[in-house]
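Q: The numbers in this note's numbering rise by one with no breaks, and the one at position 48 of the sequence shown is 476. Here a beta-carbon is modelled for each residue, glycine too, at the ideal position from N, C-alpha and C. Values in this document were obtained by computation on a predicted structure and should not be read as measured data. One structure is given below, represented as structure tokens, and several questions about it will come after.
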Amino acid sequence: MFCCANITIILDIKTLNNFSNIGNIGYAKVVAKLCELNIPVYSPFGEGYTADLIADFGGKLTRIQIKTTEKVHEDFITWKITKQSGFHGSRVPYTEEEVDYFALYCIQKDILCLVPFEKTTKTVLTIRLDNYKGVRTKTMKFVSDFSFEKVIKEE
């Protein structure tokens, strides 16, 4: 189980140019957020697991896959929510047997979202920033809909 205090992550251009560092930054932010909410966090040992973390939401162990992006558009953020498969690296979607939640982090906006698997698409997830000024529809997803506090409370 992780125990952590207040964590500050300092980014420089060298850090962002390293692909694995981008994922590590998202991982650290998600662990820090869960610890801040007093949620026990467990980490699978080794490689090849589809969940990056296991978190205890009120006695229920949940599998969390963490995705980090740098892709910010004017009023929305996009995350690829697929995994690499096979020698040639083709991208395939996760299944509900592998993942319960996606923890999403956007480096440029310092935004964290927690999205239940059933509220995702298969390969890409787009979430609008809360300051979106266009016409809103019922199917649009917004950052405020997926705050860790809100999603865990609904659990």
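Taking Val-500 as the reference, which of Thr-554, Asp-528 and Ala-460 has the closest Cα?
A: Comparing Cα-Cα distances from Val-500 to each of Thr-554, Asp-528 and Ala-460, the minimum goes to Thr-554.
Q: Return the chain-ordered list of same chain residues with a C-beta closer than 6 Å to the C-beta of Leu-532, the five sequence neighbours on each side being excluded.
A: These residues qualify, in order along the chain: Lys-495, Trp-507 and Cys-541.
Q: My understanding is that Lys-550 touches Ile-505, with C-beta atoms under 8 Å, so please give their C-beta distance in whole angstroms.
A: That pair is no contact at about 18 Å.
Q: Taking the C-alpha atoms as reference points, what is the distance between Val-563 and Asn-452?
A: For Val-563 and Asn-452, the distance between alpha carbons rounds to 36 Å.
Q: In whole angstroms, what is the alpha-carbon distance linking Tyr-522 and Asp-503?
A: Cα to Cα, the separation comes out at about 26 Å.
Q: Which of the three DSSP states, helix, strand or coil, is assigned to Leu-557?
A: Leu-557: coil per DSSP, three-state reduction.
Q: If you draw a straight line from the alpha carbon of Ser-513 to that of Glu-475, how long is it in whole angstroms?
A: So the two alpha carbons sit approximately 13 Å from each other.
Q: Check the DSSP bridge columns for Leu-540 and list the partner residues they point to.
A: Paired residue(s): Tyr-533.
Q: Are Val-546 and Glu-524 close, meaning C-beta to C-beta below 9 Å?
A: According to the sequence provided, residue 546 is Glu. The question's Val does not apply to it. In this structure, Glu-524 lies closer than 9 Å to Glu-546 by Cβ.
Q: Any idea which residues DSSP pairs Ala-483 with across the strands?
A: Ala-483 pairs with Val-469 and Thr-490.
Q: Have a look at Met-568 and Asn-449 and give me their C-alpha separation to the nearest angstrom.
A: Roughly 30 Å separates the two Cα atoms.
Q: With DSSP collapsed to three states, give me the class of Ile-450.
A: Residue state, collapsed to three classes: helix.
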